[in-house]
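Have a look at the structure below before the remarks.
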Amino acid sequence: MGLIVAEALYPGYSISKCEISYLGIGPSAMVYNVSVFLLGLLLIIGTYFLQRAFNIKIFTVLLILTSLGYMGIGIFTHNSYPIHYTAAVITFLFGGLSAIYSYKLMKLPFSLINVLLGLIALSASVFYLVKQYLGLGPGGIESMMVYPILIWIIGFGGYLIAFPEKL
70 MGLIVAEALY
80 PGYSISKCEI
90 SYLGIGPSAM
100 VYNVSVFLLG
110 LLLIIGTYFL
120 QRAFNIKIFT
130 VLLILTSLGY
140 MGIGIFTHNS
150 YPIHYTAAVI
160 TFLFGGLSAI
170 YSYKLMKLPF
180 SLINVLLGLI
190 ALSASVFYLV
200 KQYLGLGPGG
210 IESMMVYPIL
220 IWIIGFGGYL
230 IAFPEKL
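In my numbering, the protein residues as written are 70 to 236.
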């Protein structure tokens, strides 16, 4: 929700032309940076409970790295280019891998949906890194990296709530 509010607060923001990170340096900075940092913090807290429930170390490491990436994006804005860029790469890489790895914890068709979301995020990351925006613009292809991971986080959490016996 913070991302959507930040987009609304940023005058002239174009989801196609503007990178999402611009939201962290304009009039929407407070909403965007705080929401991204809180996402990372809450994901770390959730990871603690997932580790206790499932004791899957690889998944835990993937989620912690994703969480730290989100927190880094929230702390180091687009103006802190090398650090912000590194945090973003960590977020998208390990977020996509987390979504894919979560297939081990879910039944069909949910497990396949998560793999697909992870592959979309990772594929979009590759296109972004080689500056092939597929007609979507830099912001559009970046959205194809961000939204699948956010959808996966929400869906995975919903799955665990709906099927508490998995915990």
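Where a beta carbon is used, it is the ideal one built from N, C-alpha and C, also for glycine.
- Phe161 is classed as buried because its beta carbon has at least 16 other beta carbons within 10 Å across all chains shown.
- Nearest to Tyr172 by alpha-carbon distance, out of Gly206, Ala156, Gly187, is Gly187.
- Taking Asn148 as reference, the option from Phe123, Thr129, Ala98, Phe163 with the minimal CA-CA separation is Ala98.
- With a minimum length of 4 residues, the unbroken runs of alpha helix (DSSP H) contained wholly in the region 151-207 fall at 179-198.
- Nearest C-alpha to Tyr101 among Gly143, Leu166, Ile152: Gly143.
- Of the candidates Leu229, Gly109, Gly208, the residue whose Cα lies closest to the Cα of Tyr82 is Gly208.
- Counted as a single uninterrupted DSSP element, the alpha helix (DSSP H) harbouring Phe128 occupies residues 126-144.
- Counting only the Cα atoms, Ile230 lies some 23 Å from Val105.
- A direct Cα-to-Cα measurement between Ile89 and Ala75 gives close to 10 Å.
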